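Data block below; observations after.
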Amino acid sequence: MAHNTSHLNVQQSFESFFQGWLLRQQNFLEQLLSISLTPDSPLKIHHQNALIDQVLSHYHQYFLQKSRLADADVFLLFSPTWLSSYERALLWIADYKPSLLLRLVDGAVQGLTPDQDQDLHQLKEDTRREERILTGIMAAVQESLAGPSILQVARQVGRLLDGEIGELDSAMEVMKRAMTEVLEKADQLRVTTAKRVVEILSPSQTVQFLAAAAEFQLRVRRWGMERDSRGRQEHR
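For what it's worth, full-length UniProt numbering labels the leading residue of the sequence shown as 1, then goes sequentially.
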C-alpha cells in the first residue's frame, strides 16, 4: 500500500510540473514568434540571446525532472498517463526522436548557408546512427522483459512464496536499471542533438528552430487531447 501511495505521489508531482511547464512553453512560443518579427537592432540581439538562454534553461528543467522521475519509477515514463494516446504513439524511448528536431530545422529555418547544410547533414547521419543503436538496445531490453524466467514468476503473482517474491523483485530491479540506462542515453542524445543544432545555427535561426519545436509539441498536444476527448464522448 505504501509503495502504491509513493508511486501515485511521484506521478502526480510530475504531472503537476508538466502542466505548468506546458503553460510556460506556450508563453515562450509567443515570445519567440514575437521577436522573430521584430526589426533587427542591437536591442533585438540582446533580447534574442537572453530569450534563447531562457528557453534552453526551460528544456533543461524538463529533462532534470524527467531524470528525477526515472530514479523514482522509470516505468511511468514508458507509459505516461499525462500524455494523450496520440502523443504516446509518437514517442521513441519515452520521448520524441532527436532526428525529429532535424526535420523541424528543414521545414522552419531559413537562410542556411552551404556550410550549415553540410554540418546539419553530418549531424543527421550521426543522430540516426545513434538512434539505431539505442533502438536495438531497447529491443533487447523489451525481449528480456518478455523472457520466460520473468513471465513464469509474474504469472504466479497470486501464489508466490517469499523466495519467489524476492526473485520477482530482483528481476524487476534489473529491468528498471536497464530501462533507466537506455532512457538516460536516449535523453542524452536528444540534448546533444539540440545543442549541436544551436551551435550550427545563427541566433535568429535558433529562434526559428525553437519556435518550430515548441509549436510542434503544443500542436500535437492539442490534437491529442481533442481526439481523446471526442473518443470519450463517443463511448458514453
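Yeah, the Cβ is synthetic: ideal placement off N, Cα and C, and Gly gets one too.
Predicted model, so just to flag it, every value in this text is computed and none were measured.
Annotated as distal: Leu112 and Leu102, with beta-carbon spacing of 9 Å or more.
At least 9 Å separates the beta-carbon of Val105 from that of Ala186. The three-state secondary structure of Leu90, taken from DSSP, is coil. Lys97: not part of any alpha helix (DSSP H); DSSP gives it neither H nor E. Apart from sequence neighbours up to five positions away, the residues of its chain that approach Ile93 with a beta-carbon distance below 7 Å are Leu134, Met138, Val182, Leu183, Ala186, ordered along the chain.
When DSSP states are grouped into helix, strand and coil, Pro114 belongs to the helix group. It is roughly 26 Å from the alpha-carbon of Pro42 to the alpha-carbon of Tyr59.
Counted as a single uninterrupted DSSP element, the alpha helix (DSSP H) harbouring Ser67 occupies residues 42-73. Looking at Gln122, Asp95, Gln142, Arg219, the one whose alpha-carbon comes closest to that of Ala70 is Asp95.
Short of 8 Å from the beta carbon of Leu29, and not among the five residues preceding or following it, lie these beta carbons of its own chain, in chain order: Ala211, Ala214, Glu215, Leu218. Glu143 is positioned such that its CB atom lies no closer than 9 Å to that of Pro98. Considering only Gln116, Gln11, Ser85, the residue with the shortest C-alpha distance to Phe75 is Gln11. Bounds of the alpha helix (DSSP H) holding Leu210 are 203-234.
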